[in-house]
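Q: The structure under discussion is supplied below as structure tokens; questions concerning it will follow.
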């Protein structure tokens, strides 16, 4: 991977507080009012040029490959997760891929680069749990007991931040890198350093737990490689600050769960 | 399932004005399908069942091999697109002139969440003089017939442009428009043959692969193509594609009949003759890294 021109701290410095109402993201969406970017707009204004420059500034290239390997496998009951989603609609964060109130720094979102390139409120919808109410605690427990966390997951249970992500067919999470801004804000007492990826407890990690089996059109491109056809329960490491994108361009729902936290094992 | 029977009814004629496709769109007025609706309705199961009934599975892999590489100038195609806005067919992934029993005629994509902001395709080849212009851009008879082996007169070129965020969902090619045009050749959708030879579709990359350019064929992802690379879209195999990246994705396909005696690519004999060259960057002003 090429050396970054923009450090992680520059990209996502000091996330602000999370708004109390999860409905605010769609109610106050700028994306939903942004007009369609037509082909003629795209060819004339070339919004891809600054977007690509930003991507290269965070270290993207066309050569780095990533070989995804299963770290461990958890015992996941998919129906439990579907029930959780249905039972916890009120604490779901539904959002499009645009700047959120707590975002800072020089990122694709703070510069509105995806929106200008054609991403919109009908092709980037994410339903997400973990930031509101008791959803983080519930998700942690669905992933496993403390013993499972200690023996298999190896991320500090108490400070971990889990996010359950549901992508319906037709929705994409565009090219980006993970900066764990929410986790760093919530765990400032651990002195997280985004540039070194370390905190007082150890390396800061993001793992991805597959909730549903891979199915047609479920895509996770990490660097310049496509993830293999995953199975429910598989856990992968998403190495920090490396660009990737994902989509559900298929038929079945795509459910994944990310874990952000300090690696203690 | 017998595809010949499923698609025995020929496609309707295209509307004379390409704008009618959007003006009469059902998709543009269809309300957002929420997660709750998706979970409580069975349209995804219906679509999946249809796909399985028509040959999709979760096991088959497809090892794509480049057939040849054409000398493509991407900027010529960009200029063509800009100069020919009036003959552009902009459409969504919904039923328009299709007939038969397909995911489109059953409106399944729309009911599962595909919409007028995530399935936009800009394409040329059906309206005005775009077909003849595209054939010339591809290299004319020398390339289409001489190099690729197609019967020139009945071959059809389509140019497809996908902006970031746009998806061409899970489907197989039923060559509906080509079959409609060439009924005199007694085409058979199940065997993909006709009186003159094999009916084939080739994929021609116009722009280089870039982040988020995805083509899944059966259960395999296509390799990172280069402008000019030609691949076969295999008979009846389910596939999908998307641009979930940053740069525009431009591809073309050539559909037609390859006389049995000219089917030189069935053994891909010229694979080794293709030079591998580094990504030259985007021909219209972008620097590749």
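Protein chains in written order, with the numbering used here: chain W, 1 to 265; chain C, 1001 to 1289. Virtual Cβ for every residue (Gly too), placed ideally from N, Cα, C.
Do we get a CB-CB distance below 9 Å when we pair residue 1194 of chain C with the residues of chain W?
A: For residue 1194 of chain C, the answer is no, since every Cβ of chain W falls outside 9 Å of its Cβ.
Q: So, do the stretch 1226-1236 of chain C and the stretch 1189-1202 of chain C have three or more beta carbon pairs nearer to each other than 8 Å?
A: With the cut-off at 8 Å, the stretch 1226-1236 of chain C and the stretch 1189-1202 of chain C touch.
Q: According to DSSP, simplified to helix, strand and coil, what is residue 51 of chain W?
A: In the structure shown, residue 51 of chain W sits in a helix (DSSP, three-state: H, G or I).
Q: Is residue 257 of chain W helix, strand or coil when you go by DSSP?
A: Three-state DSSP puts residue 257 of chain W in a strand.
Q: Note the first and the last residue of the continuous alpha helix (DSSP H) segment covering residue 1004 of chain C.
A: Per DSSP, residue 1004 of chain C belongs to the alpha helix (DSSP H) from 1003-1006.
Q: I'd like to confirm the pairing. Which residues does DSSP put opposite residue 1253 of chain C in its beta bridges?
A: Partner(s): C:1158, C:1203.
Q: Based on DSSP bridge pairs, tell me the residues matched to residue 205 of chain W.
A: Its beta-bridge partners are W:261.
Q: Counting C-beta neighbours from all protein chains within 10 Å, is the total for residue 1173 of chain C 16 or more, i.e. buried, or is it exposed?
A: Residue 1173 of chain C is buried by the Cβ-count criterion.
Q: What is the residue span of the beta strand (DSSP E) that residue 1168 of chain C lies within?
A: 1166-1171 is the span of the beta strand (DSSP E), which, as asked, contains residue 1168 of chain C.
Q: For residue 249 of chain W, which three-state DSSP category applies?
A: Note: residue 249 of chain W maps to coil in three-state DSSP.
Q: With H, G and I counted as helix, E and B as strand and the rest as coil, what does DSSP make of residue 1185 of chain C?
A: The answer is helix: DSSP assigns residue 1185 of chain C an H, G or I state.
Q: Might you give, ordered along the chain, the residues of its own chain that have their beta carbon closer than 8 Å to the beta carbon of residue 158 of chain W, omitting 5 neighbours on each side?
A: Excluding residues within five positions, none has a Cβ falling inside 8 Å.
Q: Applying a beta-carbon distance threshold of less than 8 Å, which residues of chain A neighbour residue 82 of chain W?
A: Among the protein chains of the structure shown, namely W and C, there is no chain A.
Q: Looking at the C-beta of residue 48 of chain W, does it have a partner C-beta in chain C at a distance below 9 Å?
A: Yes, contact with chain C.
Q: Near residue 50 of chain W, which residues of its chain fall below 7 Å by C-beta distance, leaving aside the five closest residues on each side in sequence?
A: The residues are 113.
Q: Which word fits residue 1321 of chain C, buried or exposed, when buried means at least 16 other C-beta atoms lie within 10 angstroms of its C-beta?
A: No statement about residue 1321 of chain C is possible, as the shown extent of chain C runs from 1001 to 1289 and does not include it.
Q: Secondary structure at residue 1217 of chain C, three-state DSSP: helix, strand or coil?
A: Strand, per DSSP.
Q: Looking at residue 267 of chain W: is its Cβ nearer than 9 Å to the Cβ of residue 117 of chain W?
A: Since the first residue shown for chain W is 1 and the last is 265, residue 267 of chain W is missing from the structure and cannot be characterised.
Q: Please name the residues in the stretch 175-194 of chain W whose beta-carbon is closer than 7 Å to at least one beta-carbon of chain C, in chain order.
A: Residues 175.
Q: Quick one: give me the first and last residue of the alpha helix (DSSP H) that residue 1108 of chain C is part of.
A: Its alpha helix (DSSP H) spans residues 1108-1112.
Q: Let's test the definition: count the other Cβ atoms within 10 Å of the Cβ of residue 20 of chain W and tell me whether it reaches 16, buried, or not, exposed.
A: Counting Cβ neighbours within 10 Å, residue 20 of chain W comes out exposed, since fewer than 16 surround it.
Q: Does the stretch 144-152 of chain W come into contact with the stretch 210-227 of chain W, if we say contact requires no fewer than three beta-carbon pairs (one atom in each stretch) closer than 8 Å?
A: No, because fewer than three Cβ pairs between the stretch 144-152 of chain W and the stretch 210-227 of chain W fall closer than 8 Å, the two stretches do not touch.
Q: Between residue 1264 of chain C and residue 1144 of chain C, what straight-line distance do the alpha-carbon atoms span, to the nearest angstrom?
A: The straight-line gap from Cα to Cα measures roughly 13 Å.
Q: Around the C-beta of residue 1020 of chain C, are 16 or more other C-beta atoms found within 10 angstroms, so that it is buried, or is it exposed?
A: It counts as exposed.
Q: Can you list, in chain order, the residues of its chain with a C-beta nearer than 8 Å to that of residue 166 of chain W? Leave out the 5 residues immediately preceding and following it.
A: Once the five neighbours on either side are set aside, the close Cβ partners of residue 166 of chain W are 85, 126, 127, 128, 253, 254, 255.
Q: Identify, in the order they occur along the chain, each residue of the same chain with its Cβ nearer than 6 Å to the Cβ of residue 47 of chain W, setting aside the five sequence neighbours on each side.
A: Closer than 6 Å at Cβ, skipping near neighbours: 116, 117.
Q: Strictly under 9 Å for the Cβ-Cβ distance: is residue 1207 of chain C near chain W by that measure?
A: Not one chain W Cβ lies under 9 Å of residue 1207 of chain C.
Q: Is any beta-carbon of chain C found at less than 9 Å from that of residue 37 of chain W?
A: Residue 37 of chain W counts as touching chain C.
Q: Quick check on residue 1287 of chain C: does DSSP put it in helix, strand or coil?
A: In this predicted model, residue 1287 of chain C has a pLDDT of only 39, less than 50, meaning its place in the structure is not dependable enough to derive any value.
Q: Give the DSSP-derived three-state secondary structure of residue 1120 of chain C in the structure shown.
A: Of the three classes helix, strand and coil, the one that applies to residue 1120 of chain C here is coil, per DSSP.
Q: Please work out which residues of its chain come closer than 8 Å, Cβ to Cβ, to residue 55 of chain W, disregarding the five sequence neighbours upstream and downstream, and give them in chain order.
A: So the list reads 108, 175, 243, once near-sequence residues are dropped.
Q: If residue 1248 of chain C and residue 1163 of chain C are in contact, beta carbons under 8 Å, what's the gap, nearest whole angstrom?
A: Yes, they are in contact, since the Cβ atoms of residue 1248 of chain C and residue 1163 of chain C sit about 6 Å apart, within 8 Å.
Q: If we require 4 or more residues per run, which alpha helix (DSSP H) segments fall completely within the stretch 67-124 of chain W?
A: The qualifying runs are 78-87, 113-117.
Q: In chain order, what residues of the same chain have a beta carbon less than 8 Å from the beta carbon of residue 1046 of chain C, not counting five sequence neighbours either side?
A: The residues are 1106, 1108.
Q: Rounded to whole angstroms, what is the Cα-Cα separation between residue 1181 of chain C and residue 1077 of chain C?
A: One C-alpha to the other measures close to 26 Å.
Q: Is it right to say residue 16 of chain W is buried, meaning 16 or more other beta carbons lie within 10 angstroms of its own, or is it exposed?
A: By the 10 Å Cβ count, residue 16 of chain W comes out exposed.
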